[in-house]
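Chemist: Quick note on full-length UniProt numbering: the sequence shown kicks off at 1 and runs consecutively.
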Amino acid sequence: MLVVEDLHVSYGAIAAVKGISLKVKPGEIVALVGSNGAGKSTTLRTISGLIRPKSGSVVFEGKNLVGVPGHKVVGAGITQSPEGRRIFPKMTVHENLELGAFLRNDKAEIEADLDRVLELFPRLKERISQKAGTMSGGEQQMLAVGRALMGRPHLLLLDEPSMGLAPVLVDLIFDTIRTIRDQGTTVMVVEQNALAALRIGDYAYVLETGQVKTEGLARDLLNDPEVINAYLGG
Ligand code: ATP
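1. Out of G70, S57, A38, state which residue places its alpha-carbon closest to the alpha-carbon of L157.
2. Which same chain residues end up closer than 7 Å to V24 when comparing Cβ atoms and leaving out the 5 residues on each side of it in sequence?
3. In the DSSP assignment, the alpha helix (DSSP H) including M142 goes from what residue to what residue?
4. For I87, report the span of its beta strand (DSSP E) as first-last.
5. Taking 7 Å as the cut-off, is the C-beta of K40 nearer than that to any heavy atom in ligand 1?
6. Grab the span of the beta strand (DSSP E) containing E208 for me, first residue to last.
7. Mind checking which residues open and close the beta strand (DSSP E) that includes S55?
8. Is it true that the CB of Q141 sits closer than 8 Å to the CB of A132?
9. Please identify the residue among A108, I87, E109 whose C-alpha is closest to the C-alpha of S99.
10. According to the Cβ coordinates, are V170 and G34 closer than 8 Å?
11. Restricting to Cα atoms, I'd like to know which of L124, V68, I51, H8 is closest to H94.
12. When you compare the stretch 213 to 225 with the stretch 45 to 62, are there three or more beta-carbon pairs, one atom per stretch, that lie closer than 8 Å?
13. Under 8 Å, with one C-beta from each stretch per pair, do the stretch 8 to 21 and the stretch 195 to 210 reach the 3-pair mark?
14. How far does the alpha helix (DSSP H) with V74 in it extend, from its first residue to its last?
15. Do the CB positions of P153 and I78 come within less than 8 Å of each other?
16. DSSP has H8 in a bridge; who is on the other side?
17. Cβ-heavy atom distance between V4 and ligand 1 below 7 Å?
18. When you compare each of A112, V4, P82, V212 to S57 by their alpha carbons, which one comes out closest?
19. Here's the rule I'm using: 16 or more other beta-carbon atoms within 10 Å means buried, otherwise exposed. How should L7 be labelled?
20. Just to confirm, are Y231 and A196 a CB contact at a threshold of 8 Å?
21. Would you mind stating whether K54 and S10 have Cβ atoms separated by less than 8 Å?
22. Let me make sure I understand the geometry here. Which of E226, T209, N229 has the alpha-carbon closest to that of A15?
23. Taking Cβ to Cβ, would you say T92 is nearer than 8 Å to S136?
24. Among R127, G12, D159, K63, which residue has its Cα nearest to the Cα of S81?
Have a look at this one:
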């Protein structure tokens, strides 16, 4: 579904991604884990068209995405729920969710997807008329994921969904990501919380200083002594 090959991305003189290759198959959750500055977010933002790589290829459902601007990448079927959430604080939950469907005009289907998102996140249903900026961090995170789903992506990209959340909410978000996958949306998730990501992931890549250090089935990485020592707190 997604094939990234030998990706190189720099910010001026700083090389952030140095030859990353990865694959996402339909119906999977693929996790990108690794420590601060490993290049996880940069990889994700390059796939979603926010950054242009120096070299390498990004092919999604047979189409080359390098040089394709972000809004067109959304049209191609990839949406990203960004790190730091970026919901519209002055708009209501409902308006934020509607905005997630801005490229669509299939009204009945949009309504059906809205129902589905509110079923996935009952907390959002209770707060449908609340201004998004007044919600808690965890609720805003749910809204960001819900809004990304309203674009009905083939591939959902999630950047640090656990960031700033209490453990019980981390579990809730990750359970919901699994449900999203089970309902047919392919997911790629970037996480510093390697344990949470490897638990729900099907396949995973461990990044270190802009390169893939290890890759494999997530359940195998959970039992890999090197991964345990370096990323799972021993
Ligand atoms: P984290 O988990 O801390 O978010 P990450 O693995 O997502 O880390 P990136 O955000 O992709 O890492 O950053 C990779 C490298 O690129 C880092 O060294 C970072 O300082 C650098 N970098 C990221 N964004 C910029 C930018 N806008 N300008 C300059 N350097 C940047």
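For every residue, glycine included, the Cβ atom is placed at its ideal position computed from N, Cα and C.
Modeler: Concretely, from the data shown:
1. Of the candidates G70, S57, A38, the one whose C-alpha sits nearest the C-alpha of L157 is G70.
2. Excluding positions up to five away in sequence, the list reads M1, L2, V30, L155, T186, M188.
3. Segment 137 to 149, the alpha helix (DSSP H) holding M142.
4. Per DSSP, I87 belongs to no beta strand (DSSP E) and is neither H nor E.
5. Relative to the non-hydrogen atoms of ligand 1, the Cβ of K40 comes within a distance shorter than 7 Å of at least one.
6. E208 -> beta strand (DSSP E) spans 203 to 208.
7. Its beta strand (DSSP E) spans residues 55 to 60.
8. Between A132 and Q141, the C-beta spacing is not below 8 Å.
9. Note on residue identity: the sequence assigns Leu, not Ser, to residue 99. When only C-alpha atoms are compared, the closest one is I87.
10. For V170 and G34, no; Cβs fall outside 8 Å.
11. The shortest Cα separation from H94 among L124, V68, I51, H8 belongs to L124.
12. No, the stretch 213 to 225 is not in contact with the stretch 45 to 62.
13. Between the stretch 8 to 21 and the stretch 195 to 210 there are three or more C-beta pairs closer than 8 Å, enough to call the two in contact.
14. For V74, the enclosing alpha helix (DSSP H) begins and ends at 70 to 75.
15. Result yes, Cβ atoms of P153 and I78 sit closer than 8 Å.
16. Paired residues: K18, S55.
17. Not one heavy atom of ligand 1 lies closer than 7 Å to the C-beta of V4.
18. When C-alpha distances from S57 are compared across A112, V4, P82, V212, the shortest belongs to V4.
19. Buried, since its Cβ has 16 or more Cβ neighbours within 10 Å.
20. For Y231 and A196, no; Cβs fall outside 8 Å.
21. Yes, Cβ-Cβ distance for K54 and S10 is below 8 Å.
22. Residue T209 is the option with its Cα nearest to A15.
23. The criterion of a C-beta distance shorter than 8 Å is not satisfied by T92 and S136.
24. Nearest C-alpha to S81: D159.
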